[in-house]
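Residue numbers (the numbering used here): 484 to 590. Notes to accompany the following structure.
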Amino acid sequence: MESFTSVLAAAMLSLVAVLLGYGLAVAWRRALRAQVPLPFYGMLRREGLSAGEAREAVGVHALALASRRCAFCAAGALCRARLAAGGPAAGDCPNAGLFVALRRPRI
């Protein structure tokens with residue numbers, strides 16, 4: 484019975500390792516496939532801001548997180564099409580909250 488549980492534990496750990504590896508591979512492919520520049524920077528320009536102005540407004544950490552969210556977003560092609568057509572950012576954009584914060588008047 485003890486060897487059965489050892490084999491079962493090893494199989495479960497192997498399964499977890501395979502699933503984590505698959506997830507990382509998918510994320511890596513999505514990041515490499517992403518076109519540069521990210522749609523996020525086009526949306527910033529549409530808001531009348533440069534990356535430097537956005538960094539001053541929300542901080543470098545928030546800007547880095549927003550870039551990462553955009554790079555790993557599954558709706559990148561849809562966002563690029565909206566940007567090219569002159570439409571607004573998608574309502575389910577992972578950076579929608581950041582764009583709201585950037586629209587607030589700064590003192």
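Where a beta carbon is used, it is the ideal one built from N, C-alpha and C, also for glycine.
Rounded to the nearest angstrom, what separates residue i and residue j at their Cα positions?
{"i": "R551", "j": "S489", "result": "39 Å"}
{"i": "A547", "j": "F582", "result": "14 Å"}
{"i": "L521", "j": "L502", "result": "28 Å"}
{"i": "S497", "j": "G504", "result": "10 Å"}
{"i": "A500", "j": "A494", "result": "10 Å"}
{"i": "A492", "j": "C562", "result": "43 Å"}
{"i": "A584", "j": "A534", "result": "14 Å"}
{"i": "V509", "j": "E485", "result": "36 Å"}
Which residues mark the beginning and the end of the alpha helix (DSSP H) in which residue i is found?
{"i": "M495", "result": "485-516"}
{"i": "E530", "result": "Unbroken run through E530: none, as it is neither H nor E."}
{"i": "F582", "result": "579-586"}
{"i": "C576", "result": "C576 -> no alpha helix (DSSP H), and no H or E assigned at all."}
{"i": "A557", "result": "Note, A557: premise wrong, no alpha helix (DSSP H); not H, not E."}
Does the distance from the C-beta atom of residue i to that of residue j stay below 9 Å?
{"i": "D575", "j": "A558", "result": "yes"}
{"i": "F487", "j": "R513", "result": "no"}
{"i": "A572", "j": "A579", "result": "yes"}
{"i": "G549", "j": "F523", "result": "Before going further, note that residue 549 is Ala rather than Gly in the sequence given. Yes, Cβ-Cβ distance for A549 and F523 is below 9 Å."}
{"i": "A540", "j": "L532", "result": "yes"}
{"i": "P588", "j": "C553", "result": "no"}
So, at 7 Å on beta carbons, what are the nonlocal neighbours of residue i in its own chain, with the 5 sequence-adjacent residues on each side left out?
{"i": "G525", "result": "L566"}
{"i": "A537", "result": "L527, L546, L585"}
Does residue i get closer than 9 Å to chain D when you measure Cβ to Cβ?
{"i": "Y524", "result": "This model lacks chain D altogether; it includes just one protein chain."}
For residue i, I'd like the list of residues in its chain whose CB is within less than 8 Å of its CB, leaving aside the five on either flank, ordered along the chain.
{"i": "R586", "result": "E530"}
Confirm the yes/no value for this check: CB of residue i, any heavy atom of the ligand MN, distance under 8 Å.
{"i": "M484", "result": "Only the bare structure without any ligand can be found here, which leaves the ligand MN out of the picture."}
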